[in-house]
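Colleague:
There are 2 protein chains.
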Amino acid sequence: MQWVKVLGGVVGAAALLGLGIILGHFAIPKGANVPAPSVSQDLDLEILETVMQQLEASRIRENLRELSREPHLASSPRDEALVQLLLQRWQDPESGLDAAEAPAYEVLLSFPSQEQPNHVAVVSPTGSVVFSCRQSEQNLTGEQVGPDVVPPYAAYAPPGTPQGLLVYANRGTEEDFMNLQTQGIKLEGTIALTRYGGAGRGAKAVNAAKYGVAGVLVYTDPADINDGQSSANETFPNSWCLPPSGVERGSYYEYFGDPLTPYLPANPSSFRLDPDAAPGFPPIPAQPIGFDDAKSLLCQVNVSVHNRRELRNSSNVLGIIRGAVEPDRYVLYGNHRDSWVHGAVDPSSGTAVLLELSRVLGTLLKKGTWRPRRSIVFASWGAEEFGLIGSTEFTEEFFSKLQERTVAYINVDISVFANATLRAQGTPPVQSVIFAAAKQIPAPSPVGLSIYDNWIRYSNRSSPAYGVVPSLGSLGAGSDYAPFIHFLGISSMDIAYTYDRSKTSARIYPTYHTAFDTFGYVDKFVDPGFSSHQAVARTAGSVLLRLSDSLFLPLNVSDYGETLRSFLQAAQQHLGGLLEQHSISLGRLVTAVEKFEAAAKALEQHRSALQKGSPDPLQVRMLNDQLMLLERTFLNPRAFPEERYYSHVLWAPRTSSVATFPGLANACSRAMNTSLGSEAWAEVRRQLSILVVALEGAAATLRPVADL
Amino acid sequence: MQWVKVLGGVVGAAALLGLGIILGHFAIPKGANVPAPSVSQDLDLEILETVMQQLEASRIRENLRELSREPHLASSPRDEALVQLLLQRWQDPESGLDAAEAPAYEVLLSFPSQEQPNHVAVVSPTGSVVFSCRQSEQNLTGEQVGPDVVPPYAAYAPPGTPQGLLVYANRGTEEDFMNLQTQGIKLEGTIALTRYGGAGRGAKAVNAAKYGVAGVLVYTDPADINDGQSSANETFPNSWCLPPSGVERGSYYEYFGDPLTPYLPANPSSFRLDPDAAPGFPPIPAQPIGFDDAKSLLCQVNVSVHNRRELRNSSNVLGIIRGAVEPDRYVLYGNHRDSWVHGAVDPSSGTAVLLELSRVLGTLLKKGTWRPRRSIVFASWGAEEFGLIGSTEFTEEFFSKLQERTVAYINVDISVFANATLRAQGTPPVQSVIFAAAKQIPAPSPVGLSIYDNWIRYSNRSSPAYGVVPSLGSLGAGSDYAPFIHFLGISSMDIAYTYDRSKTSARIYPTYHTAFDTFGYVDKFVDPGFSSHQAVARTAGSVLLRLSDSLFLPLNVSDYGETLRSFLQAAQQHLGGLLEQHSISLGRLVTAVEKFEAAAKALEQHRSALQKGSPDPLQVRMLNDQLMLLERTFLNPRAFPEERYYSHVLWAPRTSSVATFPGLANACSRAMNTSLGSEAWAEVRRQLSILVVALEGAAATLRPVADL
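Chains as they are written, first to last, in the numbering used here: chain E, 28 to 735; chain S, 28 to 735.
(1) Note down the Cα distance separating I416 (chain S) from D440 (chain E), rounded to an integer number of angstroms.
(2) Where do the N-terminal and C-terminal ends of the beta strand (DSSP E) with I347 (chain E) fall, by residue?
(3) Do E420 (chain E) and P264 (chain E) count as a contact pair if the criterion is CB distance below 8 Å?
(4) Can you give me, in chain order, the residues of the segment 348-359 of chain E that have a beta carbon less than 7 Å from any beta carbon in chain C?
(5) Determine the extent of the beta strand (DSSP E) in which E133 (chain E) is found, giving its start and end residues.
(6) Confirm, please, whether the CB-CB distance from M655 (chain S) to L591 (chain S) is below 8 Å.
(7) Comparing C-alpha positions only, which one of E:R432, E:G475, E:F543 sits nearest to F511 (chain E)?
(8) V344 (chain S) versus chain E: which residues are under 8 Å apart at the beta carbon?
(9) On the three-state DSSP scale, how would you describe Q314 (chain S)?
(10) Please list, in chain order, the chain S residues whose beta carbon lies closer than 9 Å to that of S667 (chain E).
(11) Would the segment 313-325 of chain E count as touching the segment 94-112 of chain E if we require 3 or more Cβ pairs under 8 Å?
(12) What is the residue span of the alpha helix (DSSP H) that N487 (chain S) lies within?
(13) Would the beta-carbon of L214 (chain S) fall within 8 Å of that of Y195 (chain S)?
(14) Going by the DSSP bridge assignment, what does E164 (chain S) pair with across the sheet?
(15) Span of the beta strand (DSSP E) holding G588 (chain S)?
(16) Please list the residues of the segment 496-517 of chain S that have a C-beta atom closer than 9 Å to any C-beta atom in chain E, keeping them in chain order.
(17) Name the chain E residues that come within less than 9 Å of L722 (chain S), Cβ to Cβ?
(18) With H, G and I counted as helix, E and B as strand and the rest as coil, what does DSSP make of F747 (chain S)?
(19) Are the beta-carbon atoms belonging to L388 (chain E) and Q68 (chain E) less than 8 Å from one another?
(20) Compare the C-beta of Y290 (chain E) with all C-beta atoms of chain S and state if any pair is closer than 8 Å.
(21) Any idea if G211 (chain S) is buried or exposed, counting beta-carbon neighbours within 10 angstroms, 16 or more meaning buried?
(22) What residues in the segment 381-411 of chain E have a beta carbon less than 9 Å from any beta carbon of chain S?
(23) Establish whether the CB of K57 (chain E) and some CB of chain S are separated by less than 8 Å.
(24) Residues in the same chain with beta-carbon distance under 8 Å from S558 (chain S), minus the five sequence neighbours each way, listed in chain order, please.
(25) Anyone know if the C-beta pair for V328 (chain S) and Q190 (chain S) falls short of 8 Å?
(26) At a CB distance below 7 Å, what residues from the segment 614-626 of chain E approach chain S? Give them in sequence order.
(27) So is A679 (chain E) in contact with chain S if we call contact Cβ pairs under 8 Å?
(28) Is there a C-beta anywhere in chain S that falls below 8 Å from the one on K428 (chain E)?
(29) Does any C-beta atom of chain E lie closer than 8 Å to the C-beta of L580 (chain S)?
(30) Out of S:L392, S:N693, S:G604, state which residue places its alpha-carbon closest to the alpha-carbon of S683 (chain S).
(31) Is the separation between the beta-carbon of V176 (chain S) and that of S341 (chain S) shorter than 8 Å?
(32) Hey, does M7 (chain S) have any beta-carbon neighbour from chain E nearer than 8 Å?
(33) Please say whether A598 (chain S) and L691 (chain S) have beta carbons closer to each other than 8 Å?
(34) How would you call P497 (chain E), buried or exposed, if buried means at least 16 neighbouring beta carbons within 10 angstroms?
(35) V330 (chain E): which of E:R276, E:T728, E:Y180 sits nearest, CA to CA?
(36) Report the three-state DSSP secondary structure of S159 (chain S) (helix, strand or coil).
What follows is the structure, encoded as structure tokens:
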């Protein structure tokens, strides 16, 4: 009888709000307005300002210190302790949420063996060990030793002890191995030394195995991560640079989600694939090493990998603030909790912000000052580092409910890579709400500029509709937004503070996934004073409130038109000639984009008209449903049968370098060197039809709802 | 700028309604209430009664006479003329709808050659023709000749002129051919004579080809269709029985939808499969014949099939009555338009009802007396006989829009098979609204009984919740509801009047798909006086109005619990032992069903509580969304990858005879005789997980919307 509980909750909420109104009127000084729980409840700018003011940098710092005090690898005791910390915060009587829980999934993770440490050594022709790589990072701050610091390893790489001649294979891309072969270098049975970047982790092993390589080493090149700095005195703890012994850990699994339960939640009794037959694992042993060791390698190398796969329980923590007016509309805000070691930057900088934001909102809630129009769901995902596992299982378990009701997903994983500028990625409908938030929040520096004004100085583009605006990045699959956008078709975004690219070309912040990613590192080098953390908390918090509280959803669908137009232009420019040679016209695609643009523009005008009038609550809801569900219309689960989870016809992975519709671009790349009537050219035409139907279908949902 | 037009429409509608209110108050006698366009607009019982009274049997009869005056094979000139007739009716200024249009698809149909008629003959060992089958039906009423009467043929059967020994293969099931082989009968190169029934049309040819059969003949057995009557004086025009020369035409295509554009609308520029490589066509020539000819066949038979496949334009006609309050919620009502010959029963009996219903509603609309709360969409589908093509293409083209917004789909194809009793098929949520309608409408006979009371006498079951109730059938894929329920997951139903099964065991009405299915046949034998047609019009009309006008959607989700429980019991009883032997427990399935039942019951209580109070419009909308979208939660496009379109985990085709969850039942059938660790047993476990996740996911959508 769970609804009784919640009905009680709603009634209770109404009573609280009623009480709040009375209190607001009689007991609280002017300025603390308590919105009535009416169907026209809208964003309250005073509440928004209150939230912005109450987000404290010092509290974020304290959160981070606590979160990153110990290593908290997925499913470890400390990871479970943080589950309890989150639950405690979200169930706090004074600053907690309406409800919180921590359901667990049973998922396949991968760990190095404690008894038989992974090992990389140079051996002489007689087999004696000439040189051994370190098995752990150097203890520079007292935090790099201890039983909870997991030694560097390549998660999901199979065990094995290959030995062979060392071959330097650059970034381990397909092209890199092909070049080596072309140069007459024998690859069969070798150990490939590769550096991070250019290709995914797992892809390096997959590519290598195709050429008969027996094992793969992956190191972090100082040129890629440290702007060339490599000596001890140039690196942490003397700078933010990666020390010579630092090793990037990471998952080498090719897909995401629990490897044994694709498309099914990893509940204990769920059907599981045979682990020895499940796809996506690296085919050969792999091991990451530091650049100091990488320098020392030569000739014959022996790699011993003793990783084991284990079924483990991994929890998500979920908390909800129930909506006062439309509780069936969810704004999701999440980040993962698990780290490779202490994970101060990745992911605790995001979780520290999450906790501060939930504290401020929870406090307003518990005081009865505020309740959002729509429901807000906070999530702390488990086992992200192993492949976005917690979030993916959650989307599998609640597919229908989430797809029907979720307004948007906000991801703040690493909240601060560096303290120069905001960086946001997302699908076009969220651009406007991020801009609106960023315009009203002061940048940490320089003084006097808004976050928006500062952002536009670092990264901008020319928009046909708006002129020069900050450049919104697109979403790949680098964090927990991936299942939400690619599998569920929910408008998503990822928000962080990041680098001044004129000052560093580091591939990512230098201590990423190493034992040097600690509180001290953040406090000293990444964001002293935590003002960038606060800026991200405010930006993400403002976006969250605007989405949860605005009467009209602040999602701009006509901004999708700009993306479609630019994809179309790229297709015409780079693929048009090739397609024409095969008698394939882009004419219907042009028409479809035009129809989308016209329908989106008309819908925005309809919104303006409604906003000026006094629409009834159902008119607003109908419009909001169109806005919320637009992203869903781009999903086609049959478009890319070989790409697990990827169903979004606009954002599926693109292997082609042409920045256009991925299905079309990929199909063209594959067809390019095939004959006229090939299967590959049929696939190009199929992909074009899938795309046209998706865009026409999307336009149909934007048109007046009672149009035939 | 299409929205301007519609905004105008809505404003206009409001003005009209306003005017209507004034008129209703001052100018119209009491009783003609005009509902105000308020957010709480609810079903008006007086309007419902008015509609019931205005549905005239004589007008349905006139509609049928006109619709079945000439043969109207899909895409023929007469079919196009009927498109114009429908458009004219739906655009009529006094009884039309708000808007109507007739978009066409370009689809692959199949026709016999005029120059080379299909031909079946008995030949002597020397090759001379000993006997020839008729190439057309006997002209008994003057309507069986003429250029528009398509000769009997098996649509989509490939051309070919096989010749071989005749083998009688019963119904052409897999088992039938296996039995023949077991008996030592050589099948290679033979012509199989089969009778209709037992297996699908195309399946007979597929099964035959597996055994090397060269050609298939299919006849209608008098035992199956005529209760044994077979002489000329026992059959039409002397009774409703099929004359000896009657031949059932039909599509022999194995899937549905346009064969060349699966999952894509068949627009002219859509990607098309190579017709010679597209799956689903019969692998060998096939030809239907009458029972008179079937008797005469013996020994060596020559079959000449000269069917040709052609791309043709086929139109749907769509008409809309825009909703006054929730125009973005659609109640769809449809039937196909195309027939094999005159098609008086199939499908014109349904179209005649459709036109009468649209006339009555259109008249109320144009008078300003009434506008539904939600939008009503009427559809006349093209090319159903070739495989539900028009409706399927429509669902492919507007997938997202329909899936997001459609409340239910009502299909009335053949409206009257016979005049004994109502027969309804549908998914559980529509049972209650059909019952409610049927209880309030008098049966044509016997006098004094409601349609419901009469129905329960012919077909009933014992419901745990309600006691003895009429038996609602389940939906296969026999008409245009198939893409709506199986592909889109929209709650659907099919409504008709049908046989007294104690009086006939006919497989279907005898002249089905023959040249004897004419107006005179209906007028004289099927429904003299058209009172059964009127009863169907009233029932379907009442269901339509209840769905379009009720403030709370009359969909009962807890009735799904009864189906799940009965499926579960069948699984436990018939599969439980087998599963236990393979260590597969149904425990989680039991729990999932229990969770569903509890959530559904609580939701119905929540509905009652809301109905007693004065809910705000958003509370009603939120509840209605849960009711409307429940059916969607049972879809899993990845559940049955080999079954085109079928995504509904509860209603996918079931080959097993156990009346339970189809995926589980089918997987068990396949696994039964395989070894313990086989792929087939893994598939059983996978199907069980898919099912549990679907039921748990469905229950999650029924629980209070702000539950975690």
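In this text, a Cβ means the ideal position worked out from N, Cα and C, and glycines have one as well.
Modeller: Looking at the atomic coordinates:
(1) Stepping through the second sequence from its first residue, residue 416 (chain S) is reached at position 389. Stepping through the first sequence from its first residue, residue 440 (chain E) is reached at position 413. Using only the alpha carbons, I get a separation of about 48 Å.
(2) As a working note, residue 347 (chain E) is residue 320 in the first sequence. Segment 344-348, the beta strand (DSSP E) holding I347 (chain E).
(3) For the purposes of this step, residue 264 (chain E) is identified with residue 237 of the first sequence, where counting begins at 1. For the purposes of this step, residue 420 (chain E) is identified with residue 393 of the first sequence, where counting begins at 1. Not in contact: P264 (chain E) and E420 (chain E) (Cβ atoms no closer than 8 Å).
(4) Of the protein chains in the structure, E and S, none is chain C.
(5) By 1-based counting over the first sequence, the position of residue 133 (chain E) is 106. E133 (chain E) -> beta strand (DSSP E) spans 131-138.
(6) Position 564 of the second sequence, counting from 1, holds the residue named residue 591 (chain S). Position 628 of the second sequence, counting from 1, holds the residue named residue 655 (chain S). No, the pair does not count as a contact, with Cβ atoms beyond the cut-off.
(7) Within the first sequence, the letter at position 484 stands for residue 511 (chain E). Answer by Cα proximity: E:R432.
(8) As a first step, residue 344 (chain S) is located in the second sequence; it is residue number 317 there, counting from the start. Near V344 (chain S) there are no residues of chain E at all, since even the closest Cβ is about 10 Å away, more than 8 Å.
(9) Counting from 1 along the second sequence, the entry for residue 314 (chain S) is found at position 287. In the structure shown, Q314 (chain S) sits in a strand (DSSP, three-state: E or B).
(10) Walking along the first sequence from the start, residue 667 (chain E) turns up at place 640. Note on residue identity: the sequence assigns Phe, not Ser, to residue 667 (chain E). Result: empty, since nearest Cβ-Cβ is about 13 Å, beyond 9 Å.
(11) no
(12) Counted from its first residue, the second sequence places residue 487 (chain S) at position 460. Not the alpha helix (DSSP H): N487 (chain S) falls in the beta strand (DSSP E), residues 487-490.
(13) Locating residue 214 (chain S) in the second sequence gives position 187, where the first residue counts as 1. Locating residue 195 (chain S) in the second sequence gives position 168, where the first residue counts as 1. Not in contact: L214 (chain S) and Y195 (chain S) (Cβ atoms no closer than 8 Å).
(14) Stepping through the second sequence from its first residue, residue 164 (chain S) is reached at position 137. Beta-bridge pairing links E164 (chain S) to no other residue.
(15) One-based indexing of the second sequence puts residue 588 (chain S) at position 561. Taken as a continuous stretch (DSSP letters only), G588 (chain S) belongs to no beta strand (DSSP E), being part of the alpha helix (DSSP H) at 585-601.
(16) none
(17) On the second sequence, position 695 is the one that residue 722 (chain S) refers to. Within chain E, no residue comes near L722 (chain S); the closest Cβ sits about 11 Å away, beyond 9 Å.
(18) Only positions 28 to 735 of chain S appear in this structure, which leaves residue 747 (chain S) out of reach.
(19) Walking along the first sequence from the start, residue 388 (chain E) turns up at place 361. Walking along the first sequence from the start, residue 68 (chain E) turns up at place 41. No, the Cβ-Cβ distance between L388 (chain E) and Q68 (chain E) is not below 8 Å.
(20) Here residue 290 (chain E) refers to the residue found at position 263 of the first sequence. Chain S contact via Cβ: present.
(21) For the purposes of this step, residue 211 (chain S) is taken as residue 184 along the second sequence, with counting starting at 1. The residue is exposed, with fewer than 16 neighbouring Cβ atoms inside 10 Å.
(22) S402, V404
(23) For this step, residue 57 (chain E) is matched to residue 30 along the first sequence. Note that K57 (chain E) scores 40 on pLDDT, short of 50, meaning its location in the model is unreliable; the coordinates nonetheless yield the value given after this. K57 (chain E) does not count as touching chain S.
(24) Taking the first residue of the second sequence as 1, we reach residue 558 (chain S) at position 531. So the qualifying residues of the chain are A84, N446, P471, S472.
(25) In the second sequence, residue 328 (chain S) corresponds to position 301, counting from 1. In the second sequence, residue 190 (chain S) corresponds to position 163, counting from 1. Yes; because the gap between Cβ atoms is below 8 Å, this pair is in contact.
(26) R615
(27) Locating residue 679 (chain E) in the first sequence gives position 652, counting from the first residue. No, no contact with chain S.
(28) Locating residue 428 (chain E) in the first sequence gives position 401, counting from the first residue. Yes, K428 (chain E) lies at the interface with chain S (some Cβ there is under 8 Å from its Cβ).
(29) In the second sequence, the residue the question calls residue 580 (chain S) occupies position 553. L580 (chain S) does not count as touching chain E.
(30) Within the second sequence, residue 683 (chain S) is the residue found at index 656, counting from 1. Of the candidates S:L392, S:N693, S:G604, the one whose C-alpha sits nearest the C-alpha of S683 (chain S) is S:N693.
(31) Against the second sequence, residue 176 (chain S) aligns to sequence position 149. Against the second sequence, residue 341 (chain S) aligns to sequence position 314. No.
(32) With chain S covering 28 to 735 only, the question about residue 7 (chain S) has no answer from this structure.
(33) Numbered from 1 along the second sequence, position 664 holds the residue referred to as residue 691 (chain S). Numbered from 1 along the second sequence, position 571 holds the residue referred to as residue 598 (chain S). Yes, the Cβ-Cβ distance between L691 (chain S) and A598 (chain S) is below 8 Å.
(34) On the first sequence, position 470 is the one that residue 497 (chain E) refers to. Buried, because 16 or more other Cβ atoms sit within 10 Å of the Cβ of P497 (chain E).
(35) Along the first sequence, one-based indexing puts residue 330 (chain E) at 303. The shortest C-alpha separation from V330 (chain E) is found at E:Y180.
(36) If you number the second sequence from 1, residue 159 (chain S) lands on position 132. Reduced to three states, the DSSP call for S159 (chain S) is strand.
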